[in-house]
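Taken in order, these protein sequences are the chains called E and A.
Using my numbering, the letters of the first sequence map in sequence onto residues -2 to 140.
Using my numbering, the letters of the second sequence map in sequence onto residues 3 to 191.
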Amino acid sequence: MDTTLSNFGNVFAFLALGIVFVAGGYLTARMLRPSRPNPAKNSTYECGEEAVGSAWVKFNIRFYVVALIFIIFDVEVVFLYPWATVFKHLGVFALVEALLFAAILILGLAYAWVKGDLDWVRPTPNIPTMPEMPSGKSASERG
Amino acid sequence: MGLLDAAITKHNVLVTSVDNVLNWARLSSLWPMGFGLACCAIEMMATNASNYDLERFGIFPRSSPRQSDLMIVAGTVTMKMAERVIRLYEQMPEPRYVLSMGSCSNCGGPYWEHGYHVLKGVDRVIPVDVYVPGCPPRPESLIGGLMKIQELIRMEQIGVSRADALKKLAEKSIDPQFVIDRERKATTA
Chain E
-2 MDTTLSNFGN
8 VFAFLALGIV
18 FVAGGYLTAR
28 MLRPSRPNPA
38 KNSTYECGEE
48 AVGSAWVKFN
58 IRFYVVALIF
68 IIFDVEVVFL
78 YPWATVFKHL
88 GVFALVEALL
98 FAAILILGLA
108 YAWVKGDLDW
118 VRPTPNIPTM
128 PEMPSGKSAS
138 ERG
Chain A
3 MGLLDAAITK
13 HNVLVTSVDN
23 VLNWARLSSL
33 WPMGFGLACC
43 AIEMMATNAS
53 NYDLERFGIF
63 PRSSPRQSDL
73 MIVAGTVTMK
83 MAERVIRLYE
93 QMPEPRYVLS
103 MGSCSNCGGP
113 YWEHGYHVLK
123 GVDRVIPVDV
133 YVPGCPPRPE
143 SLIGGLMKIQ
153 ELIRMEQIGV
163 SRADALKKLA
173 EKSIDPQFVI
183 DRERKATTA
């Protein structure tokens, strides 16, 4: 009878040992460490500041477009860097390929431009006006 | 859970070897909180860097009090900062140690008299284990202080207070005058 482990057996052995190793570490730590929770210790860590308010704050939706356009150029650089290192060996073919690649991305940029996403729209302030006074004169007329 | 902490309230013969292992583990990986207040912090950073290389002691700054065992109060503790120092100390898990670095955090330093905004010693708000003198202390002094903390940890026992460990450490300390005299005698002889 063949008593050696199959390849799956090897994987299983590693898995089992890994689980025992990690679980053993957690168990020892649980037994050895002191556990003395108190409200001050459990408070949120904010670099020593007292945590104020909720963490669920709203961000301006326009950051979404900015992030998306950033990703276009970020990914472009990621791909162009390795291309630039081997450019000498690949010659004209690589140049055409890279230009094609850049052209596709520039198309995306042109699209965003035409759509007006590159114009950072200034907020139009909504200044509240004084309501009509009983005398019939508005605030601006009274001076 | 904290089994060891909850089950053993008095030191006994069963935990003596556990003591050794636990102390060895703790003193070999003292993680200070990355936390500098003034010019002492520059010296602390220099100590962490390659020339003095605190990594060889297993000392490695952490960015969160949840992961640190040691607080190096490096610099001037202003009244405004004292509040934060207390909060950060409270947020550290036990066992926690405090090293006061430099004259400012030891006793107020140059602000001892007219510094209306400076706390006259960080030990007024949190318990300090080791004081490192200097203005600012050189990296060698800081390493000396850190080794003192390691000695203190080596003295600790399960179910015995920190004060007793400090007392045992004091018994083992060597009088510097004794060393000076001994060296003098050796050189003259």
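Beta carbons: idealized from backbone N, C-alpha and C, even for Gly.
Just so we're clear, the structure is a prediction, and the values are computed from it rather than from any experiment.
Using a Cβ-Cβ distance under 7 Å, would A48 of chain E count as near chain A?
With 7 Å as the cut-off, A48 of chain E does not count as an interface residue toward chain A.
So H119 of chain A and M81 of chain A are supposed to be a Cβ contact under 8 Å. How far apart are they, rounded?
Distance from H119 of chain A to M81 of chain A at the Cβ level is roughly 6 Å; contact confirmed, criterion being Cβ atoms closer than 8 Å.
Who does S3 of chain E pair with in a DSSP beta bridge?
Bridge pairing for S3 of chain E: absent [DSSP].
Outcome for F90 of chain E when other beta-carbon atoms lying within 10 angstroms are tallied against a minimum of 16:
The residue in question, F90 of chain E, is exposed, as its Cβ has fewer than 16 Cβ neighbours within 10 Å.
What does P97 of chain A reach in chain E if we use C-beta pairs closer than 8 Å?
By Cβ distance, chain E contributes P31.
Output yes or no for whether 7 Å exceeds the beta carbon distance between L29 of chain A and Q152 of chain A.
The answer is yes: Cβ separation under 7 Å.
Do the stretch 97 to 111 of chain E and the stretch 46 to 58 of chain E meet, that is, are 3 or more Cβ pairs less than 8 Å apart?
Put simply, the stretch 97 to 111 of chain E does not touch the stretch 46 to 58 of chain E. Fewer than three CB pairs are less than 8 Å apart.
To the nearest angstrom, report how far apart L2 of chain E and G15 of chain E are at their CA atoms.
Those two C-alpha atoms are separated by around 17 Å.
Report yes if the C-beta distance between A84 of chain A and V127 of chain A is below 7 Å; otherwise report no.
Yes, the Cβ-Cβ distance between A84 of chain A and V127 of chain A is below 7 Å.
Proximity of G104 of chain A and S65 of chain A at Cβ, strictly below 7 Å:
No, these two residues do not count as a Cβ contact at 7 Å.
What first and last residue would you give for the alpha helix (DSSP H) that runs through I145 of chain A?
Taken as a continuous stretch (DSSP letters only), the alpha helix (DSSP H) holding I145 of chain A covers 141 to 157.
Is it buried or exposed for Q93 of chain A, if we count other Cβ within 10 angstroms and need 16 for buried?
Q93 of chain A should be labelled buried.
Does DSSP put M103 of chain A in a helix, in a strand, or in coil?
Correct three-state label for M103 of chain A: strand.
Can you check DSSP and say which residues form a bridge with V74 of chain A?
Here the sequence assigns Ile to residue 74 of chain A, which means Val is not the residue at that position. The beta-bridge partner set that DSSP reports for I74 of chain A consists of A:L101.
M73 of chain A, buried or exposed, once every other Cβ within 10 Å from all chains shown has been counted against 16:
M73 of chain A is buried by the Cβ-count criterion.
Within chain A, partners of S40 of chain E - CB distance below 9 Å:
Neighbours of S40 of chain E on chain A, chain order: R89, E92, Q93.
Is any beta-carbon of chain A found at less than 7 Å from that of A37 of chain E?
With respect to chain A, the C-beta atom of A37 of chain E has a partner C-beta closer than 7 Å.
Beta-carbon neighbours of G45 of chain E, restricted to chain A and to distances below 7 Å:
The contacting residues are R86, R89, L90.
Kindly identify the DSSP beta-bridge partner or partners of Y133 of chain A.
Beta-bridge pairing links Y133 of chain A to A:S102.
Can you tell which of A:Y113, A:L6, A:P34, A:T78 has the C-alpha that lies nearest to the C-alpha of V124 of chain A?
Selected option, being the one with the closest Cα: A:T78.
Any chance the CB of M83 of chain A is under 6 Å from a heavy atom of the ligand HEM?
The ligand HEM is not part of this structure, which contains no ligands at all.
Below 7 Å on C-beta distance, what does R68 of chain A contact in chain E?
Ordered by position in chain E, the residues that pass the 7 Å Cβ test against R68 of chain A are Y42.
Thinking just about the alpha-carbon of each residue, which of A:T189, A:N108, A:D131, A:V134 is nearest to the one in K122 of chain A?
The shortest Cα separation from K122 of chain A among A:T189, A:N108, A:D131, A:V134 belongs to A:N108.
Interface residues of chain A around M127 of chain E at Cβ under 8 Å?
In chain A, no part has a C-beta under 8 Å from the C-beta of M127 of chain E; the shortest such distance is about 42 Å.
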